[in-house]
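Participant: Taken in sequence, the protein lines are chains A and B.
Just so we're aligned: the first sequence equals residues 933 to 1047 in the numbering used here.
Just so we're aligned: the second sequence equals residues 18 to 131 in the numbering used here.
Here a beta-carbon is modelled for each residue, glycine too, at the ideal position from N, C-alpha and C.
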Amino acid sequence: AQSVAQPEDQVNVAEGNPLTVKCTYSVSGNPYLFWYVQYPNRGLQFLLKYITGDNLVKGSYGFEAEFNKSQTSFHLKKPSALVSDSALYFCAVRDMTGSARQLTFGSGTQLTVLP
Amino acid sequence: IAGITQAPTSQILAAGRRMTLRCTQDMRHNAMYWYRQDLGLGLRLIHYSNTAGTTGKGEVPDGYSVSRANTDDFPLTLASAVPSQTSVYFCASSPGQGSGNTIYFGEGSWLTVV
Chain A
933 AQSVAQPEDQ VNVAEGNPLT VKCTYSVSGN PYLFWYVQYP NRGLQFLLKY
983 ITGDNLVKGS YGFEAEFNKS QTSFHLKKPS ALVSDSALYF CAVRDMTGSA
1033 RQLTFGSGTQ LTVLP
Chain B
18 IAGITQAPTS QILAAGRRMT LRCTQDMRHN AMYWYRQDLG LGLRLIHYSN
68 TAGTTGKGEV PDGYSVSRAN TDDFPLTLAS AVPSQTSVYF CASSPGQGSG
118 NTIYFGEGSW LTVV
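1. Who does L1035 (chain A) pair with in a DSSP beta bridge?
2. Kindly indicate which residue of B:N67, B:V99, B:Q102, B:W51 has the alpha-carbon position closest to the one of I21 (chain B).
3. On the three-pair Cβ rule with 8 Å, is the segment 30-37 of chain B touching the segment 997-1009 of chain A?
4. Starting from T1041 (chain A), follow the beta strand (DSSP E) in both directions and report where the run begins and ends.
5. Which stretch, first to last residue, makes up the beta strand (DSSP E) that contains G59 (chain B)?
6. Under DSSP, the beta strand (DSSP E) around V936 (chain A) begins and ends at which residues?
7. Compare the C-alpha of N118 (chain B) against each of A:V959, A:Q942, A:Y964 and name the closest.
8. CB-CB under 7 Å to S1018 (chain A), same chain, minus the five flanking residues each way: which ones, in chain order?
9. Which residues does DSSP list as the beta-bridge partners of F91 (chain B)?
10. Go ahead and pull the three-state DSSP assignment for G115 (chain B).
11. Along chain B, in chain order, which residues have C-beta atoms closer than 7 Å to that of F1032 (chain A)?
12. For chain B, find out if any of its Cβ atoms is closer than 8 Å to the Cβ of S958 (chain A); answer yes or no.
Rendered as structure tokens:
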């Protein structure tokens, strides 16, 4: 079965510092990986995805993610965090093995950027 | 661009009652999904539809049903609500089932079953 793991429930970082939100995956076949952000009482917003090609993927709001096949990781990064980046972040893998072809999500990481 | 519209935004429902959560998308996406979000469990797929006229079961389908009469609408029905169905429900859609297709989410329906 396809799965992703987010090992940190909570990440705190000071404003202006770089941030990293970790994600590891387990898939059979090629990985199709996504990051979403959820602000309080809102739906999930798409940030970026890795399908193929360059290992460094750039997305919305200055976020980027690094795909590492040998470490089966897809960590989300931003060079300089903003207080407004505080939100819940989900890593997900698109499961291409079944008929649903749905996203399978990690449990989420709460990011808090401290002023 | 409206995207995905869900209704109601929130609802308190008595146990045993029937409830339909509505979902409409205006992007002409072929695939649609219903997820529920629960604290500590992330998002789990309830039902899906690959195209109008077809539906399938996800990870947690028991107690729920769906229909897909046309491309735009994908309602989720709780036939007889139970407290364990208290959750936040998200409708989502995707242009297709290709690996590169992004799945987009609605704003959610907060349901409390008492």
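Facilitator: Quick answer:
1. In the DSSP secondary-structure assignment, L1035 (chain A) is bridged to A:R1026.
2. Nearest of B:N67, B:V99, B:Q102, B:W51 to I21 (chain B), Cα basis: B:W51.
3. Here the segment 30-37 of chain B does not lie against the segment 997-1009 of chain A, with fewer than 3 beta-carbon pairs under 8 Å apart.
4. T1041 (chain A) -> beta strand (DSSP E) spans 1041-1046.
5. If you look at G59 (chain B), you'll find it in the beta strand (DSSP E) that goes 59-66.
6. Boundaries of the beta strand (DSSP E) around V936 (chain A): 935-937.
7. For the residues A:V959, A:Q942, A:Y964, the minimum Cα distance to N118 (chain B) belongs to A:Y964.
8. The answer, listed in chain order, is L1043, T1044, V1045.
9. Beta-bridge pairing links F91 (chain B) to no other residue.
10. Three-state DSSP puts G115 (chain B) in coil, outside helix and strand.
11. In the sequence under discussion, the amino acid at residue 1032 (chain A) is Ala, which differs from the Phe named in the question. Those are L62, Y65, G73, G75, listed as they occur along chain B.
12. With 8 Å as the cut-off, S958 (chain A) does not count as an interface residue toward chain B.
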